[in-house]
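Note that the first sequence ends on residue 283 in our numbering; no numbers are left out.
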Amino acid sequence: MPELPEVETIRAGLDVHLPGRAIVRAQVLHPRPVRSFSGTPVQFETTLAGRVFASPQRRGKYLWLPFEDGDALVAHLGMSGQFRIDTPDAELPRHARVVFSLDDDRQLRFIDQRMFGGLELASGGAVLPASVSHIVPDMFDSEFDEARTVERIRGSQSAIKRLLLNQRVVSGIGNIYADEALWQAGVHPETPANSLNVGQVKAVLDAAKNVMTTAIASGGTSFDALYVNINGDSGYFALQLNAYSRAGLPCSRCGTTMQRTPFMGRSSVFCPTCQRLQSAANS
DNA sequence: CTGTGGTCCTGTATGC
DNA sequence: TGCATACAGGACCACA
1 MPELPEVETI
11 RAGLDVHLPG
21 RAIVRAQVLH
31 PRPVRSFSGT
41 PVQFETTLAG
51 RVFASPQRRG
61 KYLWLPFEDG
71 DALVAHLGMS
81 GQFRIDTPDA
91 ELPRHARVVF
101 SLDDDRQLRF
111 IDQRMFGGLE
121 LASGGAVLPA
131 SVSHIVPDMF
141 DSEFDEARTV
151 ERIRGSQSAI
161 KRLLLNQRVV
171 SGIGNIYADE
181 ALWQAGVHPE
191 TPANSLNVGQ
201 VKAVLDAAKN
211 VMTTAIASGG
221 TSFDALYVNI
231 NGDSGYFALQ
241 LNAYSRAGLP
251 CSRCGTTMQR
261 TPFMGRSSVF
271 CPTCQRLQSA
281 ANS
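Encoded structure:
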């Protein structure tokens, strides 16, 4: 569910609460989210107790919570993962999976309906956990290399949308922001990447960054209770979406009916007028 | 290296 | 009302 703007909203929220806080007790309520941990759930609880959080970090859609000892708790939110900070007496949500009681009488709660996400302890992972190292720096990272990204994209015959969703090529973009960026740039999602010129690829990347910047500023995108910030509130950015979830509605630029098409086991929504499929290679 | 399809889960919406 | 199917902000893996 969460893409870069939602994960960033959560990271920023955690950054206000966690640094300097110690874990008094960890409780694994469901074993699935800690499946990547090498030991048992009880060992997970034991090894986390007493650790002190440093400042939360993010790359793309991956989040990690470093500890002062140099290790880190890596979190992938998957489709439905959430973090919330609550008081212990606040009602525990139905899908609460792991609860960390902190030394300030608050709890850090990991909630995940579908459990595609998970938590992992990365030894020595405070700077960059091994399980995140295959993710390329995202567009908000000082290490982001736009020229190299453009060339990687243009060197592939794959559909442009497939590349936007490939976290080894550009990170942080998911189905919502991919559709938005392509609509903004006027590029059909199935366009072979090597048939796009440099200006078009840059336009797609710029559009992705712009839409994500706007989304971060408004606290992330959500349609329902599946995406909320650490206080449990939804963002309202969804009201401004131009492509995602607008199949059958008029294009907000030209009025043509927006079309939905299956793509990579999910769906793409695009405007058949503004986003024409081009297949002949050009430059 | 390419693309496809299945898999991990739970829940909601829709149609018969 | 019951039941079946499709779909959902992700990522990984086996396979052709």
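Each residue gets a CB set at the ideal place from its N, CA and C atoms; glycine is no exception. In this text, all values refer to a predicted model and were calculated from it rather than measured experimentally.
* To do: May I ask which residues mark the beginning and end of the alpha helix (DSSP H) holding Arg11?
  => Start and end: 4-17.
* Asked: Are the segment 120-132 and the segment 264-275 touching, with three or more C-beta to C-beta distances below 8 Å?
  -> no
* Asked: Under a three-way DSSP split, which group does Glu120 fall into?
  -> strand
* To do: Verify whether the separation of the beta carbon atoms of Pro49 and Ile10 is less than 7 Å.
  => A quick correction: the sequence has Ala, not Pro, at residue 49. Taking 7 Å as the Cβ cut-off, Ala49 and Ile10 do not qualify as a contacting pair.
* Assign Ile230 to one of three DSSP states: helix, strand, or coil. => coil
* **Cβ distance (whole Å) where Leu165 is taken to contact Ala185 below 8 Å** => Their Cβ separation, rounded to whole angstroms, is 15 Å, which puts Leu165 and Ala185 out of contact at 8 Å.
* To do: Check whether the segment 240-255 touches the segment 153-164, taking contact to mean three or more Cβ pairs, one atom from each stretch, closer than 8 Å.
  => no
* Thinking just about the alpha-carbon of each residue, which of Pro189, Ala225, Leu226 is nearest to the one in Gln259? -> That would be Pro189, whose Cα lies nearest to the Cα of Gln259.
* Opposing strand residues paired with Pro192 [DSSP bridges] -> Ala159
* Using 10 angstroms around the beta-carbon of Leu249, count the other beta-carbons present and answer buried if the total reaches 16, otherwise exposed. => Label assigned to Leu249: exposed.
* Indicate whether Gln107 and Val228 have their beta-carbon atoms separated by less than 7 Å. => no
* Asked: So, is Thr46 buried or exposed, given that buried needs 16 or more other C-beta atoms within 10 angstroms?
  -> exposed
* Can the beta-carbon of Gly113 be found less than 7 Å from the beta-carbon of Ser195? -> Note that residue 113 is Gln in the sequence shown, not Gly. Their beta carbons are not under 7 Å apart, which means Gln113 does not touch Ser195 by this criterion.
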